[in-house]
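Peer 1: Below is one structure. I have some questions about it.
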Amino acid sequence: MDQNGIADRRRLRRKLTFWRVAAFLIVLIGVAGLVANTGGPDPLGGKSSDHVARVTISGVITDNDELLQRLEDIRKNSRVKALIVRLESPGGTSYGGETLYRAVRRVAAEKPTVAEVRTLAASAAYMVACGTDYIIAGDTSLVGSIGVIFQYAQVSVLLEKIGVSVEEIKSAPLKAEPSPFHEASDEAKAMIRSMINDSYGWFVDLVAERRGLSHSDALTLADGSIFTGRQAQRNGLVDEIGGEMEIRAHLSKKGVDESLGVIDWERRKSRGELLFGDAMVRLIGALEDRAFPFARELRGLADRKLFLDGLVSVWQFGPADQ
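Following my numbering, the numbering of the sequence shown begins with 1446 at its first residue and continues without gaps.
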């Protein structure tokens, strides 16, 4: 064999050795991650003993089957003696808030529940807070924005400028209304207004019932206004100003032992996270961003209100906040 052939074989051998070592290290990291997530004296992370469960709801609220199942698991778990719902959300879809509200109410029917408002619990997030039996917020937390909104884009002027027209044949005048391709008719606007008013009335009735307010008082507060925690306590939307100490004191009054630990019931990790650990998943995510430069931006857009389907109950940020 000539020198070139020998050199090629050596290079191939070195490459094979590199990939074998890399594969071994990946498997080793995966096993270590699996052990870290399932090992230890309590593989359930403390959930096998009596405790207080805490669920954090943050970001834009949408229909979330995983979170609903988590709340149902908390309801069924005899080791859970109380539930803290930590809220850091501007709201989201009305349906997403409704399903979470009902899930929290099911837990509250069997265990003490407290809402902990951190930075913000507005609109659908405040709807979820009303599902608990007691709401605690900070002095400067933001609460409220009770209401419903329906938004749609209008691009007819843009299409006209670029010389594009859209023709349509419909089975009835209100089919597929409102349309982004022409201004909504008075009938279409009336239909949308009726739908919004119906959902809004349901939201107001919910607040009045859960907060012990008269319908007129709840309606006065439900003009879309946002309140600080101090203001919300004064107008009845919040029960107490405080934090963890006040939460534990309230639960103690409900018969929950103050010595019980608080355990965060977090989203169940994916198989990749369980196998390779969080660090490896973050590394893979970083490589994904390198391979697809706009992946992060697209994921960010997917979490914005622009992509929320149906009626929306969300605190609207101004242009400067976006």
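Glycine residues also receive a C-beta, built at the ideal position from the N, C-alpha and C atoms.
(1) Below 7 Å CB to CB, which residues in the same chain sit around residue 1647 once its five sequence neighbours on both sides are set aside?
(2) For residue 1565, which of helix, strand or coil comes out of DSSP?
(3) Is DSSP giving residue 1458 helix, strand or coil here?
(4) Ordered along the chain, which non-local residues of its own chain (more than five positions away) have a Cβ less than 7 Å from that of residue 1456?
(5) By a C-beta neighbour count over all protein chains shown, 10 Å radius and 16 as the cutoff for buried, is residue 1706 buried or exposed?
(6) Tell me whether residue 1607 is buried or exposed, calling it buried when 16 or more other Cβ atoms sit within 10 Å of its Cβ.
(7) In whole angstroms, what is the alpha-carbon distance linking residue 1600 and residue 1627?
(8) Rounded to the nearest angstrom, what separates residue 1616 and residue 1604 at their Cα positions?
(9) Take residue 1701 and list the residues in its own chain whose beta-carbon comes closer than 7 Å to its own, dropping the five residues that flank it on each side.
(10) Less than 8 Å between the C-beta atoms of residue 1588 and residue 1674, yes or no?
(11) Is it buried or exposed for residue 1458, if we count other Cβ within 10 angstroms and need 16 for buried?
(12) What are the boundary residues of the beta strand (DSSP E) that includes residue 1709?
(13) Take residue 1660 and list the residues in its own chain whose beta-carbon comes closer than 8 Å to its own, dropping the five residues that flank it on each side.
(14) Find out if the Cβ-Cβ distance for the pair residue 1544, residue 1508 is shorter than 8 Å.
(15) With C-beta atoms as the reference, is residue 1532 less than 8 Å away from residue 1561?
(16) Return the chain-ordered ranges of every beta strand (DSSP E) run that is complete within the stretch 1586-1611 and spans a minimum of 3 residues.
(17) When burial is assigned at 16 or more other CB atoms within 10 Å of the CB, is residue 1713 buried or exposed?
(18) Given this structure, state the Cα-to-Cα distance separating residue 1629 from residue 1602, to the nearest angstrom.
(19) Would you report the Cα separation of residue 1500 and residue 1642, rounded to the nearest angstrom?
Peer 2: In short, the structure shows the following:
(1) none
(2) Three-state result, residue 1565: strand.
(3) helix
(4) none
(5) exposed
(6) exposed
(7) 8 Å
(8) 24 Å
(9) 1497, 1526, 1527 and 1557
(10) yes
(11) exposed
(12) Run containing residue 1709: 1707-1709, per the beta strand (DSSP E) assignment.
(13) 1649, 1650 and 1653
(14) yes
(15) yes
(16) 1587-1589
(17) So residue 1713 ends up on the exposed side.
(18) 14 Å
(19) 31 Å
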